[in-house]
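The numbering used here numbers the first residue of the sequence shown as -15 and each following residue consecutively. Positions of the beta carbon are idealized from the N, C-alpha and C atoms, including for glycine. Being a predicted model, the structure only gives us computed values, none of them experimental. These notes are about the structure you will find just below.
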Amino acid sequence: MRIFVAGIITETNTFAPWPTGRRGFEEHGFFRGDAGTSASGAETALIARLWRELAARDGHEVVESILAFAQPSGPTIQAVYEAYRDEILADFQSKGPFDIVLLFLHGAMVSTECDDCEGDLIARLRAIAGPKTAIGAVLDLHCHLTGAMLQNATALITVKEYPHIDFPERSRELYDLCRRAAKGEIKPVSMLFDCRMIGFYPTTSEPMRGLTDWLFEVEKRERVLSVSFGHGFPWGDTPDTGSRVIAITDNDPALARAVAEEIGLKIYAVRETLLPRYRNIEKALLAARESNAMAVLADTADNAGGGAPSDNVSLLDAMLQQGTRDAAFGAIWDPIAAETCAEAGVGTKLRLRLGGKAGAASGTPLDVVATVKAVKPKFDQGGLSGSRVAMGLTVWVDIEGIDVVINSTRTQVFCPDAFTGLGIDLSTKRIVVVKSSQHYQAGFGPLTETIIPVATPGAIQMNFAEIDYKKKRDLDYFPRVADPLGKDK
Ligand SMILES: [Zn+2]
-15 MRIFVAGIIT
-5 ETNTFAPWPT
5 GRRGFEEHGF
15 FRGDAGTSAS
25 GAETALIARL
35 WRELAARDGH
45 EVVESILAFA
55 QPSGPTIQAV
65 YEAYRDEILA
75 DFQSKGPFDI
85 VLLFLHGAMV
95 STECDDCEGD
105 LIARLRAIAG
115 PKTAIGAVLD
125 LHCHLTGAML
135 QNATALITVK
145 EYPHIDFPER
155 SRELYDLCRR
165 AAKGEIKPVS
175 MLFDCRMIGF
185 YPTTSEPMRG
195 LTDWLFEVEK
205 RERVLSVSFG
215 HGFPWGDTPD
225 TGSRVIAITD
235 NDPALARAVA
245 EEIGLKIYAV
255 RETLLPRYRN
265 IEKALLAARE
275 SNAMAVLADT
285 ADNAGGGAPS
295 DNVSLLDAML
305 QQGTRDAAFG
315 AIWDPIAAET
325 CAEAGVGTKL
335 RLRLGGKAGA
345 ASGTPLDVVA
355 TVKAVKPKFD
365 QGGLSGSRVA
375 MGLTVWVDIE
385 GIDVVINSTR
395 TQVFCPDAFT
405 GLGIDLSTKR
415 IVVVKSSQHY
425 QAGFGPLTET
435 IIPVATPGAI
445 QMNFAEIDYK
455 KKRDLDYFPR
465 VADPLGKDK
């Protein structure tokens, strides 16, 4: 069989003030046909290699098109989206026909003129392919699951874990499902259930941990091929924004509908418990000081991974005002400050205006005296599933006893080597602050039991009832409405 692989991946924060353009897709590794044969550590390459290995094992031929990821920010420029989309479609047409299409997508990509880029891409591929080709997509769970995606895909599988440590496993499942569908062994039928919820659901704590484990049990049932809980992406305003469940069965639409509803209602029943309740900066720093172990604090609202600028320095300001020592803080996206420090060189003490630059959510900058401790022109850190994530020009500066990481390629912090790779010794720290909402738990969880997500100022606020949606349908969602499905009566 012949397999076509492609993907344009980004999570669009429609409230972010700056657009996603070509540079956004190029700075994390842009592949044209060669992701799976490259030695790149990018997650796109990791998944393409996995699909190539599986195809080689089964004697199938793989043709790759574009695979590219952009760090979340505002809507993708229409011309950029269309250029990438049309290149994928042209490859698909000119190099076809194909029996299977495997897509690595996000599910919450918005361009300046399209609220559902994934639905648009899948529909156009379907129009070229006709009804027989098995078209599957592996998605981030922070996706907007839409009718266009569902109607035109043979199978959609989201990751189940947040942090998303399971892209390889889910991609493997997608490969198997599509291969069996293409061979005519199964006939996947998908149904969607809308939970009418907006939320943020880490799978590292209850009740989401137990619910996630239960999803794997549901998949063992007769005729159930796959189930996914699409958490939704609260900061993307589209008609379909929200938490939705997909169930895929083997040619049994009634069962698919029943299973999707069963899962959706089970999650809906614990919606109150699922609301994030984070400490404010003052209480978080107090808890960190009272901890015997090293405390890892997450600057949750300024997470680049959700489209935030990653240059809000409010938490660092509070730490400096309290005279905090033996701490590390990163990574502040401030290319100007990074270049200034690199120009000054290691050992130089200089006055620095830090952060507070990109937009309103950045807050005010900090004027500090910093000593440059290390400069790495092309730094990277460990990502999820063994991938590597570019950080660009990255510097370590000491600011009054706090080791601060400043970088030029916007990204959240995933792994301790974002600090240790520069020479910072985390074993001597009382407090380590990471700009991330949840993915950091995969890398930092093993270091300490004191993990403190902090309700900081910034772009990603968890007050879901107050998000200023203009496009979203069904504004009677939880938590704006206590019981939108009317199940409490
Ligand atoms: Zn995600």
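Same chain, Cβ closer than 6 Å to residue i, five either side skipped, listed in chain order
i	result
L38	Y159
D124	H90, G91
A54	T(-6), T4, G8, F9
A439	Y262, N264
L336	A321, V352, A354
S22	A29
S174	L134, I230, I232
P191	V254, T257
Q425	P147, T188
Residue i beta carbon near ligand 1 (any heavy atom closer than 7 Å)
i	result
D124	yes
H44	no
H148	yes
Close beta carbons around residue i, own chain, < 7 Å, minus the five adjacent residues each side
i	result
W380	K357, A358, D387, V389, L406, G407, I408
D150	V143, K144
G103	T130, A132, M133
T138	A118, I119, G120, C162, A165, P172
D178	G226, R228
A292	A285, D286, A345, G442, A443, I444
R6	V64
R110	I119, N136
V202	V208, V211, V243, I247
S371	G25, A26, E27, L30
Residue i classed as buried or exposed, judged by whether at least 16 other C-beta atoms fall within 10 angstroms
i	result
L270	exposed
W219	buried
K167	exposed
D83	buried
K471	exposed
T393	buried
A244	buried
T324	buried
I247	buried
K341	buried
E48	buried
F200	exposed
Q135	exposed
Q422	buried
G314	buried
V330	exposed
R78	Just to set this straight, residue 78 is Ser in the shown sequence, not Arg. Exposed is the call here.
P237	exposed
G385	exposed
P81	exposed
G114	exposed
R180	buried
Own chain partners of residue i with C-beta closer than 8 Å, once the 5 adjacent residues on each side are dropped
i	result
I316	S294, D295, V297, L300, L338, G339, V388, V389, I390, N391, K419
K362	A374, G376, L377
E266	A302
Beta-carbon separation (whole angstroms), residue i vs residue j, contact threshold 8 Å
i	j	result
I355	D318	The sequence given here has Thr at residue 355, not Ile. Not really, about 16 Å apart at Cβ, beyond 8 Å.
L51	R156	With a Cβ gap of about 17 Å, L51 and R156 do not count as contacting.
I182	L209	I182 to L209, Cβ: 28 Å. No contact.
Y65	C101	6 Å
N(-3)	G290	6 Å
G214	L87	That belief does not hold up - the Cβ atoms of G214 and L87 are roughly 16 Å apart, past 8 Å.
A328	L334	5 Å
P223	D99	6 Å
F448	P437	Actually they are not in contact, since the Cβ atoms of F448 and P437 sit about 16 Å apart, beyond 8 Å.
Under 8 Å: do the segment 249 to 267 and the segment 408 to 417 share three or more Cβ pairs, one atom per stretch? Counting C-beta pairs with one atom in each stretch, the segment 249 to 267 and the segment 408 to 417 have fewer than three that are closer than 8 Å, which means they do not touch.
Between the segment 453 to 466 and the segment 7 to 26, are three or more C-beta pairs nearer than 8 Å? No contact exists between the segment 453 to 466 and the segment 7 to 26.
Within the chosen definition, does the segment 430 to 437 reach the segment 275 to 282 through at least 3 CB pairs nearer than 8 Å? Counting C-beta pairs with one atom in each stretch, the segment 430 to 437 and the segment 275 to 282 have three or more that are closer than 8 Å, which means they touch.
Do the segment 56 to 75 and the segment 18 to 35 meet, that is, are 3 or more Cβ pairs less than 8 Å apart? With the cut-off at 8 Å, the segment 56 to 75 and the segment 18 to 35 do not touch.
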